[in-house]
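Residue numbers (the working numbering), protein chains in the order written: chain B, 1 to 301; chain A, 1001 to 1474. Cβ coordinates follow ideal geometry from the N, Cα and C atoms, glycine included. Here the structure is laid out as structure tokens; the discussion comes afterwards.
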Amino acid sequence: MTILLRSALALTILLAGLPAQAAIKVLATTSDWGALTRELGGDKVDVYVATSALQDVHRVEAKPSLLARARTADLLVANGAELEIGWLPVLVRESGNRRIQPGAPGYFEAAAQLRLLEVPTRLDRAMGDIHPLGNPHVQLDPRNIGIVAKALATRLAALDPANAAYYAERGHDFDTRWQLAIARWNSRAAPLAGAPVVVMHRDQVYLCHWLGLDEVAAIEPKPGVPPSAGYLGQLVVKLGAAPPRLILRNTYNDQKAAEWLSARIHVPVVTLPFSVGGTPGAKDLFGLFDDTLDRLLAVTK
Amino acid sequence: MSGYHSIAALCALGLTLLPITTEAADDATALRAELQSLQAQYAARVEALEARITRLEAASTAPTAPTETPADISSAAPPDLAPALPSSDSRSATTAFNPAISLVIGGSYHTASRGPEDWQVAGFMPSGGEVGPGARGFNLGESELTLGANVDPYFSAMLTAAISGENEIEVEEAFVRTLALPAGLNAKAGRFFSGFGYLNEVHAHAWDFAEQPLVYQAFFGNQMAQEGLQLKWIAPADLLIEFGIEAGNGSAFPGTRRNRSGLDATTLFAHVGGDIGVSTSWRAGVSWLDQRADERVYEDVNALGDPVANAFSGKARTWVADAVLKWAPDGNAAQRQLKLQGEYMRREEQGELAYDIDGSGLAGAYRGTGSGWYLQGVYQFRPRWRVGARYDALNTGTTRIALIDDGVLGAGDFPLLRAADPDRVSVMLDWNPSEFSRLRAQYAWDDARAEGVRDRQFTLQYLFGIGAHGAHKY
């Protein structure tokens, strides 16, 4: 009953405060694209992020709160490549919001701006939960973020022509800072090149690709398929013979399997933020990569 | 569920295809020769395509790869990771617009301490749906085939056909919906599951238990779908506030099709929902349904135990209240999740009840007020594993039958309408090897038939989905 009363109260307050929307309302599906939209849009955008770095974005539900945000959004910034396929299509369809339907200017997919890695040549779910368009976890290569930023700045300008110059300037400013940061990260990460690593779920593929890490094994035998005791046993044998430098784990991954393997093969587990907000250090996009490298370099010294 | 549809058309299609396959078998040698020549052709084509891909790659890396990457690790994507380029030769334009297709195959193994033939819900006129427990032993469940796509920039269309184990095809839903209405409006037309309550719109493969709660079985014959129009509006607010109105032809229980042009069934519903912190989300709603029945026939026995067919004509008004709450640590449902849900329904039926319509033709006023509810909890205690428990209850409430009150007939002539409180307790455990497969064990103590007449049911159920990755509602 209290919920109902509170809802009724909230409803009254909300309806009373409806008008006065100056900024572009943005619904971003992940914290990374939310952070990028804030970098580019400044105070001209009002960003709501649908998920957090502690959630498996593929397994989020079409929650009522998200439906409400989809209804009012002027721009939907999605990751794409079917990462959000279990819930975003429902939100977009049910929202009654024609501005964010696929094909409309208010529908933006980050992955659509990029060349994806691991595009499967054979589509068969016997291979696990594979993504037909390629590996969708594109944000862990900062060069990808630079490319998406350009497209997103252009989109913001198209949606809000009155502030086009503002977005262009912020876009340019971000790009300058971002390219400098990439140069910094690249030189810091030089010692990591070629290091053999074990990953969880093929969700660090872009990070490994960027840094030149050598993915020697994945703890999940196939995407979305948890490891069996037998498979982990095989891993111990295989990796015991040629130990990797690191085991990579994201904050949203279950830590048990990684810790188990770590104890057997005496290789440290590094918990990476994966997305903005995944660790205290990953406050924004710059922090995401600073912290990722800090954590990687701390154990490889 | 409403009417069953013949599969004759599909059978005919199948038969026309058969002769082709037999003929083909005779020409196996000719085919082999043809295949060989095809193989040679393809080898040449693949070579040509490979050359083309290398060329295109060289051309496309320039604009997409970050050109100003300064440092040493800036090696472009290795050639083996290059994305497959959609080649215009490899795709036929006729299949490019195929709709998303998904198929859910389900079935069960069922045991029960009582024969399922005499299953009924005491105190309620039968809803006519396929609501009873399945036959003992192995059963093929409904196979749900769904096809959907955007029609054009303004509409999308969807069809869900349920192919039953009894070789019948039922159109569960077939509707078009709008994509481009302004101001948060959304309209649907066709046959669709009504938007009232929570479970009514949920397809069978997504149910948390092997069957619907008693209240849905008795009040709507599992789920209410009828032909009509729906208009929904979402308020522009941070809290979900949704209103819906439906007008239908009234063909679904408790209504009947009345062959009139007017509106025979109206549904109104409202939902409110939001988050409490990052871990909890909720939705609650109220709905009201106004339906009309004309000679809605049901079978009962009279005081002598002889079968009779009785019929109700009149109005049925139903109130529904529903609430769902989901909790997951940090909102990450991939690890652990708790889902609590409950619904309450109350129906008033007022009109005329005819007794033994094929014989005596007696009729008199009827008024009945029944209610029911369920409460369930499902907990995913570790990835892939869920346990759940549900309690269902119904209450006949007050029933006034003029034929009995006036002394024309006795209460023994309407045994099915005698006051009763049927209930059922169900527990389940399911294992989900992936997003696309589910195996479930369920045990139920079912007291629906009558007070003290308990049926113990055990069900093993499987559900497998293939094809397009489905997206589920909240």
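Where A50 (chain B) sits in the DSSP three-state scheme: Coil, per DSSP.
Interface partners of T72 (chain B) on chain A, CB under 7 Å: Simply P1236.
Bounding residues of the beta strand (DSSP E) (the contiguous stretch that carries P196 (chain B)): It spans P196 to V199 - the beta strand (DSSP E) in which P196 (chain B) sits, taken as one unbroken run.
Residue-chain proximity (Y252 (chain B), chain A), Cβ-Cβ < 9 Å: Yes, contact with chain A.
Proximal chain A residues relative to L54 (chain B), where beta-carbon distance stays under 7 Å: Simply D1330 and N1332.
Interface flag, V1272 (chain A) vs chain B, CB-CB below 9 Å: Judged by the 9 Å Cβ criterion, V1272 (chain A) is in contact with chain B.
Other residues of its chain near L1214 (chain A): CB distance less than 8 Å, five sequence neighbours each side excluded: Contacts found: V1121, G1372, Y1374, D1392, A1393, L1394, P1422, D1423, R1424 and A1448.
Neighbourhood of L1439 (chain A) by C-beta distance below 7 Å, restricted to the same chain and skipping five residues each side: Only residues of its own chain outside the window of five on either side were considered, and among them D1430, W1431 and Y1462 have a CB closer than 7 Å to the CB of L1439 (chain A), listed in chain order.
A1265 (chain A) beta carbon less than 9 Å from that of N1249 (chain A): Closer than 9 Å, so yes.
Exposed unless 16 or more other CB atoms sit within 10 angstroms - verdict on P142 (chain B): So P142 (chain B) counts as buried.
R308 (chain B), DSSP secondary structure in three states: Since the displayed chain B opens at 1 and closes at 301, residue 308 (chain B) lies outside it and no answer follows.
Contact list for the segment 273-293 of chain B against chain A, Cβ threshold 7 Å: So the list is empty, because no residue satisfies the distance condition.
Counted within 10 angstroms of its Cβ, other Cβ atoms place H131 (chain B) as buried (16 or more) or exposed: Answer is buried; the Cβ neighbour count reaches 16.
Residue environment, L88 (chain B), which counts as buried when at least 16 other CB atoms sit within 10 Å: Counting the other Cβ atoms within 10 Å of the Cβ of L88 (chain B) gives 16 or more, which makes it buried.
Short Cβ contact (9 Å threshold) for R1114 (chain A) with R93 (chain B): Result no, Cβ atoms of R1114 (chain A) and R93 (chain B) do not sit closer than 9 Å.
Proximal residues to G1331 (chain A) (C-beta, below 7 Å), its chain only, five neighbours per side dropped: So the list reads V1278 and S1279, once near-sequence residues are dropped.
The segment 1267-1274 of chain A in contact with the segment 1136-1149 of chain A per 3-pair CB rule at 8 Å: No, the segment 1267-1274 of chain A is not in contact with the segment 1136-1149 of chain A.
Beta carbon of V77 (chain B) nearer than 9 Å to that of G34 (chain B): Note that the C-beta distance between V77 (chain B) and G34 (chain B) is below 9 Å.
Contact check, G146 (chain B) vs W1233 (chain A), beta carbons under 9 Å: G146 (chain B) places its beta carbon 9 Å or farther from that of W1233 (chain A).
DSSP bridge partner residues for L1340 (chain A) (one or two, in chain order): The partner list for L1340 (chain A) (beta bridge, DSSP) reads A:L1325 and A:G1377.
When A:S1313, A:G1467, A:D1118 and A:H1203 are compared against G1368 (chain A), the one with the closest alpha-carbon: Of the listed residues, the one whose Cα sits closest to G1368 (chain A) is A:S1313.
Any non-hydrogen atom of the ligand GDP closer than 8 Å to A1162 (chain A) Cβ: Of ligands this structure carries none, so the ligand GDP is not represented either.
N1167 (chain A), buried or exposed, once every other Cβ within 10 Å from all chains shown has been counted against 16: By the neighbour-count criterion, in which a residue is buried when 16 or more other Cβ atoms sit within 10 angstroms of its Cβ, N1167 (chain A) is exposed.
is_contact[L296 (chain B), chain A] using C-beta, thresh 9 Å: For L296 (chain B), the answer is no, since every Cβ of chain A falls outside 9 Å of its Cβ.
Of the residues A:L1229, A:S1287, A:T1398 and A:P1236, the one placed nearest A1183 (chain A), counting alpha carbons only: Of A:L1229, A:S1287, A:T1398 and A:P1236, the residue nearest in Cα terms is A:P1236.
Euclidean distance between Cα positions of N1259 (chain A) and E118 (chain B): Approximately 58 Å between the Cα atoms of the pair.
Beta carbon proximity, P191 (chain B) to chain A, threshold 9 Å: Put simply, the CB of P191 (chain B) is far from chain A, with every gap to its CB atoms at 9 Å or more.
Minimum Cβ-Cβ distance from N1098 (chain A) to chain B less than 9 Å: So no, N1098 (chain A) is outside the interface.
Extent of the continuous beta strand (DSSP E) run through F1155 (chain A): Looking at the DSSP string, the run of the beta strand (DSSP E) that includes F1155 (chain A) is F1155 to I1163.
9 Å Cβ cutoff, P226 (chain B) in contact with chain A: Cβ-Cβ to chain A under 9 Å: yes for P226 (chain B).
Backbone CA spacing between H201 (chain B) and M1345 (chain A) [nearest angstrom]: Cα to Cα, the separation comes out at about 45 Å.
A1333 (chain A) versus B:P136, B:A53, B:D43 and B:G212, residue with shortest Cα-Cα distance: Measuring from the Cα of A1333 (chain A), the nearest candidate turns out to be B:A53.
4-residue-minimum alpha helix (DSSP H) runs that sit fully inside the segment 1396-1431 of chain A, ordered along the chain: Fully enclosed alpha helix (DSSP H) runs of 4 or longer: 1402-1405.
Check whether G1197 (chain A) and G1244 (chain A) have beta carbons under 9 Å apart: No, these two residues do not count as a Cβ contact at 9 Å.
DSSP three-state assignment for N163 (chain B), whether helix, strand or coil: Judged by DSSP in its simplified three-state form, N163 (chain B) adopts helix.
9 Å Cβ cutoff, L67 (chain B) in contact with chain A: So yes, L67 (chain B) belongs to the interface.
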